[in-house]
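In this text, residue positions in the sequence shown follow my numbering: the first is 16, and each later residue adds one.
No residue lacks a Cβ here, since even glycine has one placed at the ideal position from N, Cα and C.
Right, one structure below, let's go through it.
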Amino acid sequence: MFSLNTIRDALRTLYSKLCSLNFYTATSTDDHERQTGIISTRIAIILLTGSLLSLTLYSGLVSNSEIITVTQPTVDQYKSFIKQHPDMTCTCTNIAISYSSFIEFQPRYHQFCTSDFTLDVWLTFLSALANEAGGLNDWRRISFAQFRLMVALCDLAETTTTDAIDSFLETRLVVSQLSDESLFLSQIQVIVESFQADTQTAFGREIDVIDVLKQGNLLVSSLGTSNYFTAFYDYYYRDFPVYSTSEQFLDQNDAWENCQVSSKGTNLVAATDTQNIAHWIPGWRFGCYIDEALFASTLECYYNITCLSLLRNVYSLPLEVQVLKVTNDSRFAVDTTIGTIVRQLFIEDLAATFNFTGYFMACLPSQCIYTIVERRSIITVITTVVGLLGGLTKAIDLVVPRAVRFIRRHGHKWKRIIKVKPKINTNTTVTC
């Protein structure tokens, strides 16, 4: 084993060697020149070490960027690349894309429109019952007209929706770059929802226009629910003048409703049995006009087997009409007003499906570009530093010894420059 003194002597020898290390003037016999070489060596080692550390750190932190261009990629290639490079951009060849190339609709309507209540045999039976109707609130008096209107509105809603979809699919989406699949789906979903809302709003405005025309022109209901006419012979003028009188009835708030003043009031209809007992039909209403009464009504009675059995028993209905089914996939509640259902075009779901492959093929990207950013490997860092080491060493060897020699040669001259503070003469008289 090495003794402590041996280690101490070795350290002293190493320290002495380091202190006298001289790369530049080791063979010179001039002490001043040798000292200059030792100082230059120390400065060179410090500069070289610091430069190597800086170069190594910089080379290790700096990343290499490479732009990759994929020409006319397939949809499978695109999906593979976009997972690895989310920043990839693709330029579309076609900047105007028809919606029909990637959107398909299969609208599903309210079940009423395909129920037994729309069958001709049901409407024919109601038409026969209407001839036996009594007062304004008799279910038989208004049901035929209301169910027939409902069937017509179902057909109109389906036609309107089909025409709107056809028109929408003919329009074009303007794009410059291909959107990734998730962004594409979210954007198209918003567009479809806006299309549905606009279509329903336009249909609602048409209903409002009809309502305004009806009110403004004081149209008369064919069922006599808004006005009734009386005529008598005028002996003086020898004529039969006809007088129109507005119907009046108690609305749901037990207030008298005059159809000439306002036609918005409604009340429940009743099914009166042979013992003259009135059975109120939940949700089914009458009013001045068939359409307004229908829009204020609900279909809740026709979801209820008990209510439908009541009608069957009171009026001896020979038909086995199936009630409407309460389903979880319907967005309309049982007590939703028919007016709300109509204004939403009876649509349960547009069932729009989006085909990203169709969108990709319609866009037909000419090229996709993405950037690869990589950290330099250890071998690359070492190669870079070694490549710079030769030039750096030559620069230090060229500059440092000359700079040290110059400073040592002229440094003693600078020491002779002494700054002398001026003395203040206390006997000097200052006059203003």
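Residue pairing by DSSP places Q192 opposite T106 in a beta bridge. One thing to note: F369 has its Cβ no nearer than 7 angstroms to the Cβ of I356. Listed in chain order, the non-local C-beta contacts of V336 below 6 angstroms within the same chain comprise D131, local neighbours out to five positions each way being set aside. In the DSSP annotation of this structure, N282 is not part of any alpha helix (DSSP H); the continuous beta strand (DSSP E) holding it starts and ends at 281-287.
Non-local C-beta neighbours of F210 in its own chain, meaning closer than 6 angstroms and more than five positions away in sequence, comprise F183, ordered along the chain. Rounded to the nearest angstrom, the gap between the Cα atoms of V224 and Y304 is 15 angstroms. With 16 or more other Cβ atoms from the protein chains shown falling within 10 Å of its own Cβ, P416 counts as buried.
Restricting attention to S66, S55, E48, L76, the CA atom closest to the CA of R390 is found in L76. Taking C-beta atoms as the reference points, V414 and S55 fail to come closer than 7 angstroms.
With a cut-off of 8 angstroms on Cβ pairs, the segment 102-119 is in contact with the segment 376-393, counting three or more such pairs. By DSSP's assignment, I384 forms a beta bridge with T84, T104.
In this structure, the CA atom of P380 is about 52 angstroms from the CA atom of V227. A straight-line Cα-Cα distance of about 24 angstroms links T352 and G150. DSSP, reduced to helix, strand and coil, places N79 within a strand of the structure shown. In the displayed model, Y304 falls within coil according to three-state DSSP, outside both helix and strand. Between the C-alpha atoms of I61 and A410 there is a straight-line separation of about 14 angstroms. Relative to L200, the option among V338, T108, G373 whose CA is nearest is G373. With 16 or more neighbouring CB atoms inside 10 Å of its own CB, Q215 falls in the buried class. Residue pairing of A293 in beta bridges, as defined by DSSP: T287.
In the DSSP assignment, E363 falls within the unbroken beta strand (DSSP E) covering 362-364. Nearest neighbour of L360 by Cα position, chosen from Q126, T287, L404, turns out to be Q126. In this structure, the beta-carbon distance from P122 to L339 does not fall below 7 angstroms.
Relative to the Cα of T186, the nearest Cα in the group A167, I206, E173, D170 belongs to I206. Ranked by how close their Cα comes to the Cα of S66, the residues R423, R424, S116, G405 have G405 in first place. Shown here for Q92: not one same chain residue has a beta carbon closer than 6 angstroms to its own, the five before and five after excluded.
I97 counts as buried, since no fewer than 16 other beta carbons sit within 10 angstroms of its beta carbon. Where A111 is concerned, the enclosing beta strand (DSSP E) starts and stops at 111-113. Taking a contact to require three or more Cβ pairs closer than 8 angstroms, the segment 280-292 and the segment 137-152 qualify as touching. In this model, N146 and V166 are separated by some 21 angstroms (Cα to Cα).
By the criterion of a C-beta distance shorter than 6 angstroms, V396 is surrounded in its chain by S74, G75, once the five residues flanking it on both sides are discounted. Excluding the 5 residues flanking it on each side, V329 has same chain C-beta neighbours closer than 6 angstroms at A286, D288, in chain order. Per DSSP, reduced to three states, the secondary structure at A367 is strand. Contact check for A308 against R300 passes: the beta carbons are separated by less than 7 angstroms. Short of 7 angstroms from the beta carbon of T84, and not among the five residues preceding or following it, lie these beta carbons of its own chain, in chain order: Q382, I384. Using a Cβ distance threshold of 7 angstroms, F371 and E196 count as a contacting pair. Of all alpha-carbon atoms in A217, D412, L188, the one lying nearest the alpha-carbon of F117 is that of L188.
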